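Here is the structure we will look at.
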Amino acid sequence: MPRRLLPLVRALAGLLLGLACLGYGYAVRKVTVLAEPAQPAAAPEDPSLPSIPGEPALPSPAAKVPLVVTEGEMVRDATVGGLARLPDGQLARTYVGSPAQACPT
Amino acid sequence: MASPRRFARVRGWVQAAFLAIWLNPLLYLPVVCGPVYHCHACPLSAFACPIGVLANFSAWHVFPFVAVGTLLVVAMSIGALVCGWACPFGLVQDLLARIPTRKFRIPIWLGHGRYAVLVILVLALPFWLGTESKLFFCRLCPVATLESALPETVKTGVLPSAPRLVILALLVAAIFLYRRPWCRVLCPLGGLLTLGNRWSLFRLRWEKARCNHCGKCARDCPFGVELPERLNSVQCLRCLECTGEKCGALRSTWRPGQ
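For the record, the sequence lines run as chains W and U.
Residues 1 to 105 (my numbering) make up the first sequence, in order.
Residues 1 to 258 (my numbering) make up the second sequence, in order.
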């Protein structure tokens, strides 16, 4: 290869690498995060248990379900503080439904 | 051929035109990393801040392909041209620098501070401490203070934290004493993009046959780059003022190696 072509080849290689990263990030890459369901299903009532008059049923803590998100969604979540890393290393959504309007920082 | 003064005026208009893109409530694309330093928490912001995304992904322990790809594409195509011509915080610094005060030179070695900020504050501390830490980069960033925390203060009446205000005040004071102090000493994005200056498709070329070694290009460079020898160095923010000299020895080109 002629020596004067080397800078052009180097620049194009870097550019292609960047485009490959972008393409992979947007089109291929998926990450699993934990998210609370938007509307948790009501627990079916057990007819064998006596109901206490005047005592509202305690809401059961909504179990987080795994959700596969694209990296584009993670970038959006970064702008609003929408993801947090749990102590066990898993990622979890910090909102339910639509994301917050502003970054918490 | 444009004189340096005329070139600077054109640059101001181009920066203002780009501001209409970055601050555009009709163009809300938070899934896209913008190529400039601009807080995504700003109420009018259209794109995600690449440095904020890097810091968050580091805290999540996830490799940021989108942000890295965006930065690679910009760095390898035009290098730091966005710093000189498109960055909104660069425009803020350029406008404040028009207030006539004596400007001092910044030692070149201080430019390494940008990489220290990138490695320590943007990548390492979020990786170890997470996003909730008081040392999380976005909680200290002066651009975030200016573009999102202060507008939020107008809305809610809650003042930004004392460290944020002190950092912003120090930076504003520095703008009156130095040209583009943030870009040249602390900006992690500028540090990354100027790394592409040497390898990018768009670059500056020194035609030695035309050069009479008068040193005018070096004197006119607002960022103190040792021209023409250190052309395309990491100190250059590509304002292109040097390409407006009458000798024509420094030119911009899209054909590296030619």
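Cβ coordinates follow ideal geometry from the N, Cα and C atoms, glycine included.
In this text, all values refer to a predicted model and were calculated from it rather than measured experimentally.
Compute the Euclidean distance between the alpha carbons of residue i and residue j, then round it to the nearest angstrom.
i: P130 (chain W); j: P37 (chain W); result: No answer is possible for residue 130 (chain W): the residues shown for chain W start at 1 and end at 105.
i: G82 (chain W); j: R184 (chain U); result: 32 Å
i: C141 (chain U); j: A209 (chain U); result: 45 Å
i: R219 (chain U); j: L91 (chain U); result: 22 Å
i: V166 (chain U); j: A55 (chain U); result: 22 Å
i: A144 (chain U); j: A13 (chain W); result: 34 Å
i: L2 (chain W); j: D88 (chain W); result: The amino acid at residue 2 (chain W) is misidentified as Leu; the sequence shows Pro. Distance between the alpha carbons of P2 (chain W) and D88 (chain W) is about 53 Å.
i: R11 (chain U); j: C239 (chain U); result: 8 Å
i: R139 (chain U); j: E132 (chain U); result: 9 Å
i: W13 (chain U); j: G111 (chain U); result: 27 Å
i: V68 (chain W); j: V75 (chain W); result: 14 Å
i: P163 (chain U); j: L186 (chain U); result: 16 Å
i: S77 (chain U); j: E71 (chain W); result: 23 Å
i: W109 (chain U); j: V33 (chain W); result: 42 Å
i: P188 (chain U); j: C83 (chain U); result: 12 Å
i: L72 (chain U); j: V31 (chain W); result: 22 Å
Would you say residue i lies against chain U (beta-carbon separation less than 8 Å)?
i: R85 (chain W); result: yes
i: E73 (chain W); result: yes
i: A35 (chain W); result: no
i: A63 (chain W); result: no
i: P66 (chain W); result: no
i: T32 (chain W); result: no
i: A78 (chain W); result: yes
i: A27 (chain W); result: no
i: G97 (chain W); result: no
i: S60 (chain W); result: Below a pLDDT of 50, predicted positions are generally treated as unreliable, and S60 (chain W), at 47, falls in that range; no measurement from the model is reported.
i: R93 (chain W); result: no
i: A100 (chain W); result: no
Measure from the C-beta of residue i to each C-beta in chain W and report whether the shortest distance is under 8 Å.
i: L259 (chain U); result: One cannot answer for residue 259 (chain U) here, as it falls past the ends of chain U, which runs 1 to 258.
i: S161 (chain U); result: no
i: P35 (chain U); result: no
i: T70 (chain U); result: yes
i: H40 (chain U); result: yes
i: C187 (chain U); result: no
i: C83 (chain U); result: no
i: S148 (chain U); result: yes
i: G191 (chain U); result: no
i: P30 (chain U); result: yes
i: V62 (chain U); result: yes
i: V73 (chain U); result: yes
i: F89 (chain U); result: no
i: T156 (chain U); result: no
i: C138 (chain U); result: yes
i: T153 (chain U); result: no
i: S133 (chain U); result: no
i: F65 (chain U); result: yes
i: G130 (chain U); result: yes
Looking only at its own chain, which residues have a Cβ that is under 6 Å from the Cβ of residue i, when we skip the five neighbours before and after it?
i: L125 (chain U); result: L135
i: S58 (chain U); result: L123, P126, F127
i: T264 (chain U); result: This structure cannot speak to residue 264 (chain U), because chain U is shown only from 1 to 258.
i: G224 (chain U); result: R105
i: R251 (chain U); result: R205, T243
i: S148 (chain U); result: C39, A41, C42
i: T194 (chain U); result: A80, V234
i: P160 (chain U); result: T145, A149
i: F25 (chain U); result: In the sequence on display, residue 25 (chain U) carries Pro and not Phe. Excluding positions up to five away in sequence, the list reads L44.
i: P104 (chain W); result: G81
i: G191 (chain U); result: R114, Y115, L118
i: T153 (chain U); result: L159
Here's the rule I'm using: 16 or more other beta-carbon atoms within 10 Å means buried, otherwise exposed. How should residue i be labelled?
i: C42 (chain U); result: buried
i: A116 (chain U); result: exposed
i: I120 (chain U); result: exposed
i: L86 (chain W); result: exposed
i: R114 (chain U); result: buried
i: F65 (chain U); result: buried
i: T156 (chain U); result: exposed
i: V53 (chain U); result: buried
i: A48 (chain U); result: buried
i: A63 (chain W); result: exposed
i: F262 (chain U); result: Any question about residue 262 (chain U) goes unanswered here, given that chain U covers just 1 to 258.
i: R271 (chain U); result: Chain U is shown only over 1 to 258; residue 271 (chain U) falls outside these bounds and no answer can be derived.
i: C214 (chain U); result: exposed
i: W60 (chain U); result: buried
i: I51 (chain U); result: buried
i: N316 (chain U); result: The requested residue 316 (chain U) is not part of the displayed model; chain U covers only 1 to 258.
CB-CB under 7 Å to residue i, same chain, minus the five flanking residues each way: which ones, in chain order?
i: E226 (chain U); result: A218
i: E241 (chain U); result: P4, F7, A8, D220, C221, P222
i: L168 (chain U); result: P142, T145, L146
Got a sec? Which residues, its chain only, sit under 8 Å from residue i by beta carbon, not counting five neighbours each side?
i: V172 (chain U); result: L96
i: P181 (chain U); result: Q93, I106, L171, A174, I175
i: P151 (chain U); result: C42, P43
Practice item. Would you list, in chain order, the members of the segment 49–60 of chain U that have their beta-carbon closer than 8 Å to a beta-carbon of chain W? Key: C49, G52, V53, N56, F57, A59, W60
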